[in-house]
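Colleague:
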Amino acid sequence: MSARKAQLAGLAAILALTTAGCGLASDVNGDTPAAAPTPTTPLDPKLKLIDAVPDERDAAYRFDVAGAETPTSGVLDAPHKAALIKIVQHETGVGFSLTMTTLMVDKQTWLKMAFTPAGLPGLPKVPKNWQLLDAAKVKDKSMIGYDGSTDPGYAQLLVQKATGVKETSPGHFTGTTDLTQATEAEIVDAPTLAKLGAKAKAVPFTATIDAKGNLTSLIAKIPAAGGVKAKTYSVEYDGFGTTAALAAPAAGEQQKATSVVYQLMAG
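Add 5 to the 1-based position in the sequence shown for my numbering, that's all there is to it.
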């Protein structure tokens, strides 16, 4: 149980005691005092859902975020200050896609890039092993080193901005969230948000928690509006306790990033 889970459990116990009155009652015969029944006070569903979101104390786990402006997947390992992030960029009309995998461990970052299909005429040749980035050659400094993220799908933010959160059955939740208050998640771009109008403030979602209290999924249904098609934003977290910890690549699996890598990063 995490420290926060313990705190919430303690809060529930305190609430239960305060609603139990004096705590003692005499039996019918007035002999031995009988303990009054202690009512149970379930945790607020919203608090319970927020507490289920991974934090810095949770071991490595896998994630898959789909339906956002930039879909991502990979592994998050906060205790080792590490993250592995995979992005697949499809280039429409040119017949290829670029897969970029980023490994961040403490203050260092490595990249792997691959074109699919490989070997198309005109595409640059990219080394297959890990490319260690030089911070001095990277404009976007957010690319360098682990930034402390623990929730790549911004599930906590979406729940914090939610209303009407209910636990419909053990481990299953529903509610509505306000995308206008969660723009950091980059689920939709600014023009789409404007077209959604009031609908963006009450986007329905479902969420699931496993038996150990870990958030395993959050699915938001973004409605159609103003010529924008409806879509689904989904966050999946799994592998808690079974996912291997992340570490820097072995010496034989990495090299200093080539000029081609920096050119591709610059667009």
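C-beta: ideal position from N, C-alpha, C; glycine also.
Identify whether residue 37 lies in helix, strand or coil by the three-state DSSP scheme.
Modeller: Working through the sequence shown from its first residue, we reach residue 37 at position 32. Its pLDDT being 47, under 50, residue 37 is placed unreliably by the model, and nothing is read from it.
Colleague: Which residues in the same chain as residue 71 place their Cβ atom closer than 7 angstroms to its Cβ, once the five residues preceding and following it in sequence are excluded?
Modeller: Looking up residue 71 in the sequence shown gives position 66. Hits under 7 angstroms: 239.
Colleague: Quick check: what's the CA-CA separation for residue 133 versus residue 177?
Modeller: Numbered from 1 along the sequence shown, position 128 holds the residue referred to as residue 133. Numbered from 1 along the sequence shown, position 172 holds the residue referred to as residue 177. Answer to the nearest angstrom: the Cα atoms are 42 angstroms apart.
Colleague: Please list the terminal residues of the continuous beta strand (DSSP E) segment that includes residue 166.
Modeller: Taking the sequence shown and counting its residues from 1, one reaches residue 166 at position 161. Where residue 166 is concerned, there is no enclosing beta strand (DSSP E), given that its DSSP letter is neither H nor E.
Colleague: Given a threshold of 16 other Cβ atoms within 10 Å of its Cβ, counted over all protein chains shown, does residue 166 qualify as buried or as exposed?
Modeller: Along the sequence shown, one-based indexing puts residue 166 at 161. With 16 or more Cβ atoms within 10 Å of its Cβ, residue 166 is classed as buried.
Colleague: Quick one, are the C-beta atoms of residue 222 and residue 191 less than 8 angstroms apart?
Modeller: Numbered from its first residue, the sequence shown carries residue 222 at position 217. Numbered from its first residue, the sequence shown carries residue 191 at position 186. Against a cut-off of 8 angstroms, the Cβ pair of residue 191 and residue 222 comes out as no contact.
Colleague: Reducing DSSP to helix, strand and coil, say where residue 50 ends up.
Modeller: Position 45 of the sequence shown holds residue 50. Correct three-state label for residue 50: helix.
Colleague: In the DSSP assignment, the beta strand (DSSP E) including residue 240 goes from what residue to what residue?
Modeller: What you label residue 240 is simply residue 235 of the sequence shown in a count that begins at 1. Segment 236 to 243, the beta strand (DSSP E) holding residue 240.
Colleague: Below 8 angstroms between beta carbons: does that hold for residue 106 and residue 91?
Modeller: Your numbering for residue 106 matches position 101 in the sequence shown. Your numbering for residue 91 matches position 86 in the sequence shown. Result yes, Cβ atoms of residue 106 and residue 91 sit closer than 8 angstroms.
Colleague: What's the C-alpha gap between residue 160 and residue 139?
Modeller: Taking the sequence shown and counting its residues from 1, one reaches residue 160 at position 155. Taking the sequence shown and counting its residues from 1, one reaches residue 139 at position 134. Rounded to whole angstroms, residue 160 to residue 139 spans 32 angstroms at the Cα level.
Colleague: On the three-state DSSP scale, how would you describe residue 84?
Modeller: Here residue 84 refers to the residue found at position 79 of the sequence shown. Three-state result, residue 84: helix.
Colleague: Runs of 3 residues minimum, wholly inside the region 178 to 254: which ones carry the beta strand (DSSP E) assignment?
Modeller: Entirely contained in the region 178 to 254, the beta strand (DSSP E) runs reaching 3 residues are, in chain order, 208 to 214, 220 to 227, 236 to 243.
Colleague: State buried or exposed for residue 141, treating a residue as buried only when at least 16 other CB atoms are found within 10 Å of its CB.
Modeller: Within the sequence shown, numbered from 1, the residue matching residue 141 stands at position 136. Its Cβ having fewer than 16 others within 10 Å, residue 141 is exposed.
Colleague: Counting C-beta neighbours from all protein chains within 10 Å, is the total for residue 172 16 or more, i.e. buried, or is it exposed?
Modeller: Taking the first residue of the sequence shown as position 1, residue 172 is located at position 167. Buried, by the Cβ-count rule.
Colleague: With burial defined as no fewer than 16 other Cβ atoms inside 10 Å of the residue's Cβ, what is the status of residue 53: buried or exposed?
Modeller: Here residue 53 refers to the residue found at position 48 when the sequence shown is read from its first residue. Classification of residue 53: buried, given that the 10 Å Cβ count is 16 or more.
Colleague: Sorted by chain position, which residues of the same chain lie with C-beta nearer than 7 angstroms to residue 298's C-beta, five sequence neighbours on each side aside?
Modeller: Outside the shown range of the chain, which is 6 to 272, sits residue 298, and nothing can be said about it.
Colleague: Give a yes or no on whether the C-beta atoms belonging to residue 168 and residue 208 are separated by under 8 angstroms.
Modeller: For the purposes of this step, residue 168 is taken as residue 163 along the sequence shown, with counting starting at 1. For the purposes of this step, residue 208 is taken as residue 203 along the sequence shown, with counting starting at 1. Not closer than 8 angstroms, so no.
Colleague: Going straight from the alpha carbon of residue 220 to that of residue 58, what length do you get?
Modeller: Within the sequence shown, residue 220 is the residue found at index 215, counting from 1. Within the sequence shown, residue 58 is the residue found at index 53, counting from 1. So the two alpha carbons sit approximately 5 angstroms from each other.
Colleague: Take residue 150 and list the residues in its own chain whose beta-carbon comes closer than 7 angstroms to its own, dropping the five residues that flank it on each side.
Modeller: Position 145 of the sequence shown, counting from 1, holds the residue named residue 150. Excluding sequence neighbours, residue 150 sits near 109, 111, 112, 113, 114.
Colleague: Find the nearest neighbour of residue 85 within the set 253, 51, 197, 56, judged by alpha-carbon distance.
Modeller: Position 80 of the sequence shown, counting from 1, holds the residue named residue 85. Among 253, 51, 197, 56, the Cα nearest to that of residue 85 belongs to 253.
Colleague: Around the Cβ of residue 63, are there at least 16 other Cβ atoms within 10 angstroms (buried) or fewer (exposed)?
Modeller: Locating residue 63 in the sequence shown gives position 58, where the first residue counts as 1. Residue 63 is buried by the Cβ-count criterion.
Colleague: Hey, quick one: how far does the alpha helix (DSSP H) through residue 267 stretch, first residue to last?
Modeller: As a first step, residue 267 must be located in the sequence shown, where it is residue number 262. Taken as a continuous stretch (DSSP letters only), the alpha helix (DSSP H) holding residue 267 covers 264 to 270.
Colleague: Taking residue 51 and residue 164 to be in contact with their CB atoms under 8 angstroms, please state how far apart those CB atoms are, rounded to whole angstroms.
Modeller: The sequence position of residue 51 within the sequence shown is 46, counting from 1. The sequence position of residue 164 within the sequence shown is 159, counting from 1. Contact flag correct, Cβ pair sits at about 6 angstroms.
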